[in-house]
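J.: Going down the list, the protein sequences come from chains A and B. According to this note's numbering, the first sequence holds residues 53 to 619 in order. According to this note's numbering, the second sequence holds residues 41 to 317 in order. Every residue gets a Cβ at the ideal spot worked out from N, C-alpha and C, and that includes glycine. Sharing a structure below in C-alpha cells format, with a few things to ask.
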Amino acid sequence: MKRISLRRTILGRLLFIAVAVEFTMLTILVANSLRLLHGAMTTQARRQAEQMYPILKAALTAPMAQRDYATVQAVINESRSAGGVDYITIVDTAGHRVASNGWPKEIPLPEQSVSFPLFVSGAQARYDVVMPVSYLDQPLGSLHFGLNLSQIITARRSLLFQEASIAAVELVLSTVILFFLGYWITRHLATLTKASIQVASGEFPPPLVPEGDDDVGRLGLAFNTMSRTISDRVRDLHEQAELLKQEVEERRKAQEMLLYQQFQLEKLNRELEQRVADEVRKNRDKDQALLQSEKMASVGQLAAGVAHEINNPMGFISSNLRTLADYFNQIVRFDRIVWENIRQELSAETREVVSLNRESLEIDYVLDDGVTLIKESLGGANRVTKIVLDLKNFSRVDTPEYESVALNSCMESALTICYNELKYVATIRKEYEPTPEVHCHPGQMNQVFLNLLVNAGQSIVPMVDPGEIVLRCWHDGIFVYASVSDTGSGIPDEIRNRIFEPFFTTKDVGKGTGLGLSLSYDIIKRHNGEFLVESTLGKGTTFTIKLPLQAKQSDVDRSSQGVEEKS
Amino acid sequence: MKLFTGFIFIAALFLFPGTGFTRESFILGVAPHTSARVILEMYQPLRTHLEKSLKIPVEVVTAPDFDNFARRAIAGEYDLAVTTGHQARLLQTDAGYLPLLTYKADFKAVALVARKSPIHAPEDLKGKNTLGLSPTSLVTLWGQHWLADNGLSAVPVRYVSASDSVAQLVVAGDAAAGFTSMANYQKLSSEVRAQIRILAESPTMAGRVYMLNSRYAAREKEIDAALWSFADTAEAKRYFETNKLEGYRKLKPKELKAMDRYAAEVRKSLTGAKGDK
Numbered sequence: 053m054k055r056i057s058l059r060r061t062i063l064g065r066l067l068f069i070a071v072a073v074e075f076t077m078l079t080i081l082v083a084n085s086l087r088l089l090h091g092a093m094t095t096q097a098r099r100q101a102e103q104m105y106p107i108l109k110a111a112l113t114a115p116m117a118q119r120d121y122a123t124v125q126a127v128i129n130e131s132r133s134a135g136g137v138d139y140i141t142i143v144d145t146a147g148h149r150v151a152s153n154g155w156p157k158e159i160p161l162p163e164q165s166v167s168f169p170l171f172v173s174g175a176q177a178r179y180d181v182v183m184p185v186s187y188l189d190q191p192l193g194s195l196h197f198g199l200n201l202s203q204i205i206t207a208r209r210s211l212l213f214q215e216a217s218i219a220a221v222e223l224v225l226s227t228v229i230l231f232f233l234g235y236w237i238t239r240h241l242a243t244l245t246k247a248s249i250q251v252a253s254g255e256f257p258p259p260l261v262p263e264g265d266d267d268v269g270r271l272g273l274a275f276n277t278m279s280r281t282i283s284d285r286v287r288d289l290h291e292q293a294e295l296l297k298q299e300v301e302e303r304r305k306a307q308e309m310l311l312y313q314q315f316q317l318e319k320l321n322r323e324l325e326q327r328v329a330d331e332v333r334k335n336r337d338k339d340q341a342l343l344q345s346e347k348m349a350s351v352g353q354l355a356a357g358v359a360h361e362i363n364n365p366m367g368f369i370s371s372n373l374r375t376l377a378d379y380f381n382q383i384v385r386f387d388r389i390v391w392e393n394i395r396q397e398l399s400a401e402t403r404e405v406v407s408l409n410r411e412s413l414e415i416d417y418v419l420d421d422g423v424t425l426i427k428e429s430l431g432g433a434n435r436v437t438k439i440v441l442d443l444k445n446f447s448r449v450d451t452p453e454y455e456s457v458a459l460n461s462c463m464e465s466a467l468t469i470c471y472n473e474l475k476y477v478a479t480i481r482k483e484y485e486p487t488p489e490v491h492c493h494p495g496q497m498n499q500v501f502l503n504l505l506v507n508a509g510q511s512i513v514p515m516v517d518p519g520e521i522v523l524r525c526w527h528d529g530i531f532v533y534a535s536v537s538d539t540g541s542g543i544p545d546e547i548r549n550r551i552f553e554p555f556f557t558t559k560d561v562g563k564g565t566g567l568g569l570s571l572s573y574d575i576i577k578r579h580n581g582e583f584l585v586e587s588t589l590g591k592g593t594t595f596t597i598k599l600p601l602q603a604k605q606s607d608v609d610r611s612s613q614g615v616e617e618k619s
Numbered sequence: 041m042k043l044f045t046g047f048i049f050i051a052a053l054f055l056f057p058g059t060g061f062t063r064e065s066f067i068l069g070v071a072p073h074t075s076a077r078v079i080l081e082m083y084q085p086l087r088t089h090l091e092k093s094l095k096i097p098v099e100v101v102t103a104p105d106f107d108n109f110a111r112r113a114i115a116g117e118y119d120l121a122v123t124t125g126h127q128a129r130l131l132q133t134d135a136g137y138l139p140l141l142t143y144k145a146d147f148k149a150v151a152l153v154a155r156k157s158p159i160h161a162p163e164d165l166k167g168k169n170t171l172g173l174s175p176t177s178l179v180t181l182w183g184q185h186w187l188a189d190n191g192l193s194a195v196p197v198r199y200v201s202a203s204d205s206v207a208q209l210v211v212a213g214d215a216a217a218g219f220t221s222m223a224n225y226q227k228l229s230s231e232v233r234a235q236i237r238i239l240a241e242s243p244t245m246a247g248r249v250y251m252l253n254s255r256y257a258a259r260e261k262e263i264d265a266a267l268w269s270f271a272d273t274a275e276a277k278r279y280f281e282t283n284k285l286e287g288y289r290k291l292k293p294k295e296l297k298a299m300d301r302y303a304a305e306v307r308k309s310l311t312g313a314k315g316d317k
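In C-alpha cells form, the structure reads like this:
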C-alpha cells in the first residue's frame with residue numbers, strides 16, 4: 053500500500069486544523085491582551101496625566117497668580133523628582149517659559165500628543181500633555197509635561213514576550229498531545245484502510261481488523277461484519293454474474309445466428325430479386341426473341357408461301373421461257389434459212405417489198421431482241437426464283453434449327469433481303485474468303501447479319517457521303533469471322549458500352565426498337581461466339597462475329613440452354 | 041522693512057511653536073492682602089467687566105508678599121494696581137501711578153487677640169510676640185507704630201502670608217496678638233470670630249486704592265469710567281456686599297499724602313532689602 057503524505061491523513065488534517073485554530077485563538081488572545089493592555093495602559097497614562105494635572109494646577113495656581121515663579125519652579129522640580137515625568141514646563145500667558153525642568157530651553161516644546169505611543173521604543177516613548185493653568189475663567193498660563201511611558205512599554209514588552217512564550221509552549225504541547233491523541237484515534241485506520249483496499253480489489257475475505265469496545269473497536273467490528281456480508285454478497289454476485297455471462301453468451305450466439313440467418317435471408321432475397329429481375333429480363337428477351345422469331349417465322353412462312361406460290365408459276369414460266377427460247381431459236385434459225393433461201397427466189401420487186409416490210413417490221417431486230425428478251429426474261433425468272441429461294445433460306449422454315457452453313461451464304465441471304473434499302477445509300481463490296489462451314493442456326497445468323505446490315509445502312513447519311521458497306525468473311529482455322537463495315541457516323545464512346553442493352557437506341561422513333569443488337573448479341577453468345585465492335589466517330593463502324601469452328605451441337609445447345617436459363 | 045519684519049515674525053512662530061502669539065494683556069495687580077486664590081476669585085467680576093469695557097484681555101495677578109508687590113509695581117509690571125494706601129502713595133510718588141478711586145468702606149487695621157486671652161490692654165503684650173502680614177503691609181506698619189506708640193517697640197512681630205492665618209494662629213496661641221484689617225476680620229468665619237476679639241483698631245485710613253500706570257494716562261478717563269460703570273453692575277454690588285466694601289468713592293484730597301509716613305517705611309524697607317526678582 054502506497055504511503056500517503058501526512059497532510060492527506062485524518063491525523064494530519066486534524067493536527068493542522070487544531071493547530072491552526074489554536075494558533076488563531078492564541079493570536080487573538082495575545083492580540084486582545086495587547087489591545088486590553090494598550091487600553092489599560094492608555095487609560096492609566098491618561099489617568100496619570102489627569103491626576104497630575106489638577107495636582108499641578110492646584111499647586112501652581114497661587115504662585116502663577118502671584119507670579120511667584122521660584123515657587124512654580126520648586127513645585128515642578130518637586131513633581132518631577134517623583135519620577136514618571138520626562139519634563140515639566142510652565143508657560144505664562146505671554147508665552148514665556150517661566151519655569152522648566154527636563155526640557156532644554158533651545159528646543160521648542162512639543163505639541164499635545166494625540167495618542168499613546170506604546171508600540172515605539174526609545175526616546176519617543178513619551179506622552180506629551182499641554183494643559184491650561186487657569187483659575188475660574190482667568191488663564192494663568194499653560195502646563196507642559198511629558199509622561200514617561202518607558203515603564204509601560206517595558207511592561208508591554210514583558211507581557212508580549214511572556215504571552216508569546218506561553219502561546220508557543222502551548223502550541224508545541226498541543227501539537228504533541230494532539231499528535232499522540234490523533235495517532236491513538238487513527239491507529240487502526242491503516243489496518244482498516246489496507247483491509248478496505250483488499251475488499252475493493254476483490255480479495256475476500258480480508259484480514260480481520262482489531263475489534264473492541266471503543267469507537268475504533270466498534271468500527272473494526274462493523275467493518276468485519278460488513279466485509280463478511282460483502283464477501284457473501286460478492287460470491288452470490290459472482291455466481292449470478294457467471295450465469296448471466298452464460299446467458300449473455302447464449303444470447304450472443306443466438307443473436308449471431310439470427311444475424312447470420314438474416315444475412316442469409318437478405319442474400320437469398322437479393323439473389324431472388326436478382327433472379328426475378330433476370331427472369332423478367334430473360335422472359336422479356338425471350339418474349340422479344342419469340343416475337344422476333346414469330347415475326348421471322350411469319351415472314352419466313354409468308355416468304356415460303358409466296359415462294360411456293362411464286363415457284364410454281366415461276367417454274368412453268370421458266371420452263372416455258374426456256375422452251376420459248378428453244379422455240380424462238382428454232383424460228384430464228386428457220387427464218388435465216390428461209391430468208392436466205394427465198395430471198396434469191398423472189399423477184400426483186402417482191403424481194404423489195406418483203407425487205408421493206410421486213411425492215412419496217414424490224415424482223416431481224418425482233419428476232420435478235422426476242423432472243424435477248426427471252427434470255428433476259430429467263431434471267432429475271434431465275435432471279436425471282438433465287439429471291440424466293442433466298443427468302444426461303446432466310447426464313448429457314450423448311451430447314452432444321454442447327455446445321456452447318458457457310459456464313460457468307462447467311463450474309464448473302466440477309467443482303468438479299470435488305471439490298472433494296474442499301475443500294476440507295478451505299479455500294480456493297482464483298483470480300484468473301486473461302487471459309488469452312490459453321491455449325492449454327494442459319495435463321496438466327498441471318499437475323500444477326502440483317503440487323504448489322506440494316507444498322508450499317510442507317511448509319512450512313514444518304515446524299516452526303518459516298519457510303520460503302522463491306523462484307524467480309526474469313527477464318528484462322530479455329531474461328532470463322534464475319535464482319536460488316538460501314539463508312540457511317542460511327543458510335544460515340546459514351547454509348548459504346550450500352551449498344552447491346554435491350555431497348556437502347558439512338559434512332560428516331562419508329563425506326564428502331566433497340567432490340568436488334570441486343571438480340572444479335574444474345575444469338576452470338578448462344579453460339580459460344582464473340583461480338584466485337586470497332587468504331588471511329590465520323591469514319592465508320594465494324595461489327596465482327598467470331599464463331600468457333602469446333603463447336604458441336606451439344607455445346608451450342610448447352611450454351612443456348614445456359615443463356616436461356618440465365619435469362 | 042515691513043516685509044522683513046513679517047518674515048522674522050513668521051519664522052519666529054515656526055521656530056518657537058510652543059510660545060505662540062499672545063495678545064498683550066492689561067495687568068490688574070492686586071496687593072496680596074489675602075491668599076492668591078481669594079484674590080483671583082474676588083476680582084474675577086471686575087476682570088470680566090474690564091475686558092468687555094476696554095476690549096483687551098485682563099489678567100488679575102498678585103504677588104507672594106507686599107514687598108514683592110511693591111517692587112513689581114514700581115517696576116511698572118502692573119497696569120492697574122490695587123493696593124493699600126501707603127503703597128499707593130509710594131507708587132504715586134516713586135513710579136508715577138495715577139490714583140483713581142478707592143472703596144467707600146473705611147479701612148482700618150485691628151489688633152486681634154484670643155477671646156479668652158488675658159491681654160486686655162496694649163501693655164499686656166509686653167514680653168509677648170505678635171503676628172503681621174508682611175513688614176510693609178499697612179496693617180503691619182500700623183501695628184508696629186501702635187506698639188511703638190504704646191511703648192512696646194520690643195515686642196517682636198512675626199510675619200505670615202495670609203490674614204486668615206493670623207487669626208488662626210492667634211486662636212491657636214502661636215502669638216498673643218495679630219494685626220490684620222477690619223475687612224479681613226469681618227470676613228472670618230463666625231466660629232473663628234467667636235474665639236477672638238479686637239484689642240485695638242486704627243483710625244480710618246486709605247484702604248485699597250486703584251492706581252493706574254502712567255503709560256495708560258491717555259486712557260485714564262476711559263479706565264476710570266469703566267471702573268465706575270462696574271460699580272453699577274449687579275456683580276459689583278454683590279462683590280461690594282460680600283466684601284463689605286460698600287462701593288467705590290473718589291479719593292479725598294491729601295488722603296494719599298497722609299500715607300507718606302507709611303510709604304517712607306515701605307521705601308526704606310524696599311531699598312534695605314534685596315529684591316526677589
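CB-CB under 8 angstroms to L675(A), same chain, minus the five flanking residues each way: which ones, in chain order?
T.: A query on residue 675(A) cannot be resolved here, the shown segment of chain A reaching from 53 to 619 and no further.
J.: In the DSSP assignment, the beta strand (DSSP E) including S186(A) goes from what residue to what residue?
T.: Counting along the chain, the unbroken beta strand (DSSP E) around S186(A) starts and ends at 178-187.
J.: Here's the rule: buried if 16 or more other CB atoms are within 10 angstroms of the residue's CB, otherwise exposed. What is E99(B)?
T.: A residue is called buried once 16 or more other Cβ atoms fall within 10 Å of its Cβ, and E99(B) is buried on that count.
J.: Please tell me whether A149(B) and E295(B) are closer than 8 angstroms, where the distance is taken between their beta carbons.
T.: no
J.: What would DSSP say about P365(A), mapped onto helix, strand or coil?
T.: Residue state, collapsed to three classes: helix.
J.: Helix or strand or just coil, what does DSSP make of R63(B)?
T.: Here R63(B) scores only 47 on pLDDT, less than 50, and its place in the model should not be relied on; the value that follows carries that caveat. In this structure, R63(B) counts as coil in the three-state DSSP scheme.
J.: Could you give the DSSP three-state label for I218(A): helix, strand or coil?
T.: helix
J.: Using a Cβ-Cβ cut-off of 6 angstroms (strictly less than) and excluding sequence neighbours within five positions of I521(A), which residues of its own chain qualify?
T.: A478, I480, A508, D538
J.: Counting only Cβ pairs nearer than 7 angstroms, list the residues of chain A close to P175(B).
T.: Those within 7 angstroms of P175(B) in chain A number zero; the least Cβ separation is about 17 angstroms.
J.: Just checking, does the stretch 114-126 of chain B make contact with the stretch 227-242 of chain B on the three C-beta pairs under 8 angstroms criterion?
T.: no
J.: Tell me whether the beta-carbon of R132(A) lies closer than 8 angstroms to the beta-carbon of N153(A).
T.: yes
J.: Are the beta-carbon atoms of V150(A) and Y105(A) separated by less than 8 angstroms?
T.: no
J.: Quick check: what's the CA-CA separation for G264(A) versus F275(A)?
T.: For G264(A) and F275(A), the distance between alpha carbons rounds to 12 angstroms.
J.: So, with DSSP's three-state summary, where would you put A92(A)?
T.: helix
J.: Cβ closer than 7 angstroms: which chain A residues qualify as neighbours of R77(B)?
T.: T113, A114, Y187
J.: Quick check on S205(B): does DSSP put it in helix, strand or coil?
T.: helix
J.: In the DSSP assignment, the beta strand (DSSP E) including R524(A) goes from what residue to what residue?
T.: 519-527
J.: Is the CB of L94(B) under 8 angstroms away from at least one CB in chain A?
T.: no
J.: Straight-line CA distance for M363(A) to L425(A)?
T.: Checking the sequence, you will find Asn at residue 363(A) rather than Met. Spanning the two alpha carbons is a distance of roughly 21 angstroms.
J.: Residues of chain B with CB closer than 7 angstroms to the CB of D120(A), please, in chain order.
T.: Those are P104, listed as they occur along chain B.
J.: Name, in chain order, the residues that DSSP records as bridge partners for I3(A).
T.: With chain A covering 53 to 619 only, the question about residue 3(A) has no answer from this structure.
J.: For K227(B), count neighbouring Cβ atoms within 10 angstroms of its own Cβ and tell me buried if that reaches 16, exposed if not.
T.: buried
J.: Leaving out five residues on either side along the sequence, give the residues of the same chain with a beta carbon under 7 angstroms from the beta carbon of H493(A).
T.: E453, Y454
J.: List the DSSP bridge partners of M278(A).
T.: BP columns for M278(A) are empty, so no partner.
J.: From E102(A) to A83(A), what distance separates their C-alpha atoms?
T.: Each residue's alpha carbon lies about 27 angstroms from the other.
J.: Is the CB of A70(A) under 8 angstroms away from at least one CB in chain B?
T.: no
J.: On the DSSP bridge assignment, give the partners of A149(B) in chain order.
T.: DSSP lists S221(B) as partners of A149(B).
J.: So that I know if they touch, is there some Cβ in chain A lying closer than 8 angstroms to that of A72(B)?
T.: Inspection of the sequence shows that residue 72(B) is occupied by Pro rather than by Ala. Yes - at least one Cβ of chain A is within 8 angstroms of the one on P72(B).
J.: Looking at C-alpha atoms only, which residue of L289(A), E582(A), L195(A), L199(A) is the closest neighbour of V143(A)?
T.: L195(A)
J.: Quick check on DSSP: helix, strand or coil for S193(B)?
T.: coil
J.: Leaving out the 5 sequence neighbours to the left and right, which residues in its chain are closer than 7 angstroms to V532(A) when beta-carbon positions are compared?
T.: L459, T487, P488, V490, L599, L601
J.: Counting along the chain, where does the beta strand (DSSP E) carrying G172(B) start and finish?
T.: 170-172
J.: Would you mind stating whether Y187(A) and L90(B) have Cβ atoms separated by less than 8 angstroms?
T.: The answer is no: Cβ separation not under 8 angstroms.
J.: Please state the DSSP three-state secondary structure of S167(A).
T.: coil
J.: Name the chain A residues whose beta carbon is nearer than 9 angstroms to that of E81(B)?
T.: Y187, L188
J.: Can you tell me where the alpha helix (DSSP H) with F595(A) in it begins and where it stops?
T.: If you look at F595(A), you'll find it isn't in any alpha helix (DSSP H); it sits in the beta strand (DSSP E) that goes 592-600.
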